[in-house]
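A short write-up of the structure that comes next.
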């Protein structure tokens, strides 16, 4: 089929729950992808911050081949070697003592929510079940995680939502203090709001939430699905704040494109998930965890977080220089290689113009252009992306 036929077939058979760009991607290598017409694109979206090591990375590809030829799937009624080793690896390189594996970020957040509610009921009372999240957040598309998401546009049509959630403004400690009461089981926040517009909190925000949880007995859940695995210039974004959560969720970049989610927890919090309380068929199977081990150890061995910090500074400096000549850029925000440029105009047409010019970038909200390239990006790639964005803004 040619591109036109493929798009027509897509419109016929796929549910229209996503607005897709009119191109069909067929191949990737490093920082670049190609469509069915043979056109090359510089990938500055990394599959929504997923392919941290780029496309067709040799260690990841080798792990896929080896794992596929060894053991594809067994259920969680049995142990499997890669799952055990990945759990140990993640715990040894984070605050956590225990790990649970799922298939996606939303499922990792579901597990965190269930864990927090069960913990509160066991440690306190049956009336302690509320989760406090923040406005403009994004935590997933399942019924519980879409309820936790603080953006009404994702709620429409799915009411009634799951009870037991409330929202306060992000980066507002006073609002959170006023919201916490004897029904609060946990506070759920992103250390940097990604989908909501790349918002970075004040330095005292996460430490303030940690103190509030310590005083109230609530658990602190950090959603690091987009910020984790080196994207912000540290292995985990919480490391910038000097605090540790009780529970952390990870997904996107963990296996560089294979579907996996992880819920990491302290032993105290994680111990409430006893046999039969939660589970999954595919989560943590030997295939995906073997590939995640290869991806994660590559991030460690090649010092990818340090690279993200360095190249991220270069990219943000370029955007800030551009803002001096393009007043349509109102603000540049970011940490590492999670970067947003807030515009005075809609971001959608800018994203489209960049794509037509050969660079794939993202939006984050109505007026924020987001750059979340693979963490292997080089300065020359940044220069090309900046020049492309500048041409789009000039229009």
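Residue numbers (our numbering): 6 to 400. Heads up, the beta-carbon is just placed ideally off N, CA and C, and yes, glycines get one too. In this text the structure is predicted, and so the values were computed from the model without any measurement.
Where residue i falls, given that 16 or more other Cβ within 10 Å makes a residue buried
| i | result |
| --- | --- |
| residue 281 | exposed |
| residue 269 | buried |
| residue 44 | exposed |
| residue 163 | exposed |
| residue 19 | exposed |
| residue 108 | buried |
| residue 350 | exposed |
| residue 84 | exposed |
| residue 142 | buried |
| residue 206 | buried |
| residue 386 | buried |
| residue 161 | exposed |
| residue 48 | buried |
| residue 181 | buried |
| residue 73 | exposed |
8 Å contact criterion, which residue i and residue j should meet: CB distance rounded
| i | j | result |
| --- | --- | --- |
| residue 11 | residue 41 | 6 Å |
| residue 257 | residue 54 | 5 Å |
| residue 391 | residue 327 | 6 Å |
| residue 279 | residue 266 | Between residue 266 and residue 279 the Cβ distance is about 20 Å, and since that is not below 8 Å, they are no contact. |
| residue 291 | residue 86 | 7 Å |
| residue 204 | residue 187 | In fact, because the Cβ distance is near 30 Å, the residues do not count as touching under 8 Å. |
| residue 323 | residue 344 | About 10 Å; that fails the 8 Å criterion. |
| residue 348 | residue 374 | 6 Å |
| residue 261 | residue 31 | Going by Cβ atoms, the distance from residue 261 to residue 31 rounds to 18 Å, so no, they are not a contact pair. |
| residue 325 | residue 337 | 5 Å |
| residue 277 | residue 120 | 6 Å |
Residue closest to residue i, alpha-carbon to alpha-carbon, out of the options
| i | options | result |
| --- | --- | --- |
| residue 227 | 139, 83, 132, 366 | 139 |
| residue 194 | 211, 179, 202, 182 | 211 |
| residue 98 | 285, 243, 319 | 243 |
| residue 213 | 204, 185, 201 | 185 |
| residue 233 | 201, 377, 166, 273 | 377 |
| residue 296 | 278, 90, 143, 127 | 90 |
| residue 147 | 130, 289, 116 | 116 |
| residue 235 | 160, 31, 305 | 305 |
| residue 81 | 209, 283, 151, 63 | 283 |
| residue 394 | 381, 383, 367, 380 | 367 |
| residue 199 | 396, 60, 346 | 346 |
| residue 300 | 25, 8, 95 | 95 |
| residue 52 | 354, 182, 298, 264 | 264 |
| residue 158 | 168, 145, 169 | 145 |
| residue 125 | 87, 224, 32, 209 | 224 |
| residue 382 | 8, 62, 70 | 62 |
| residue 354 | 372, 16, 341 | 372 |
| residue 402 | 219, 133, 15 | Because residue 402 is not part of the residues shown, which for the chain are 6 to 400, the question remains open. |
| residue 247 | 37, 100, 34 | 100 |
| residue 110 | 75, 151, 173, 131 | 151 |
| residue 71 | 293, 307, 34 | 293 |
| residue 6 | 22, 23, 29, 21 | 29 |
| residue 237 | 56, 136, 312, 88 | 312 |
| residue 218 | 259, 127, 137 | 137 |
| residue 448 | 209, 178, 104, 319 | Outside the displayed span of the chain (6 to 400) sits residue 448, for which this structure offers no information. |
| residue 128 | 22, 245, 13, 275 | 275 |
Host beta strand (DSSP E) of residue i (start-end)
| i | result |
| --- | --- |
| residue 47 | 45-48 |
| residue 34 | 30-34 |
| residue 205 | Run containing residue 205: none; DSSP gives neither H nor E here. |
| residue 181 | Where residue 181 is concerned, there is no enclosing beta strand (DSSP E), although the alpha helix (DSSP H) it sits in stretches over 178-184. |
| residue 139 | 135-139 |
Beta bridge counterpart(s) of residue i as assigned by DSSP
| i | result |
| --- | --- |
| residue 106 | 267 |
| residue 339 | 344 |
| residue 123 | According to DSSP, residue 123 bridges with nothing at all. |
| residue 39 | 32, 45 |
| residue 253 | 227, 269 |
| residue 198 | 204 |
| residue 334 | 348 |
Endpoints, the alpha helix (DSSP H) within which residue i is located
| i | result |
| --- | --- |
| residue 172 | No alpha helix (DSSP H) contains residue 172, which is instead part of the beta strand (DSSP E) from 170-173. |
| residue 89 | 86-97 |
| residue 20 | Where residue 20 is concerned, there is no enclosing alpha helix (DSSP H), given that its DSSP letter is neither H nor E. |
| residue 329 | 309-330 |
| residue 273 | 272-275 |
| residue 375 | Counting along the chain, residue 375 falls outside any alpha helix (DSSP H), though it belongs to the beta strand (DSSP E) covering 373-376. |
| residue 361 | 353-361 |
| residue 54 | 51-54 |
| residue 398 | 384-399 |
| residue 296 | 291-306 |
| residue 148 | 148-153 |
| residue 66 | 63-73 |
Cβ-heavy atom distance, residue i to the ligand ADP, below 7 Å
| i | result |
| --- | --- |
| residue 343 | Ligands in the displayed structure: none, and consequently the ligand ADP is not present. |
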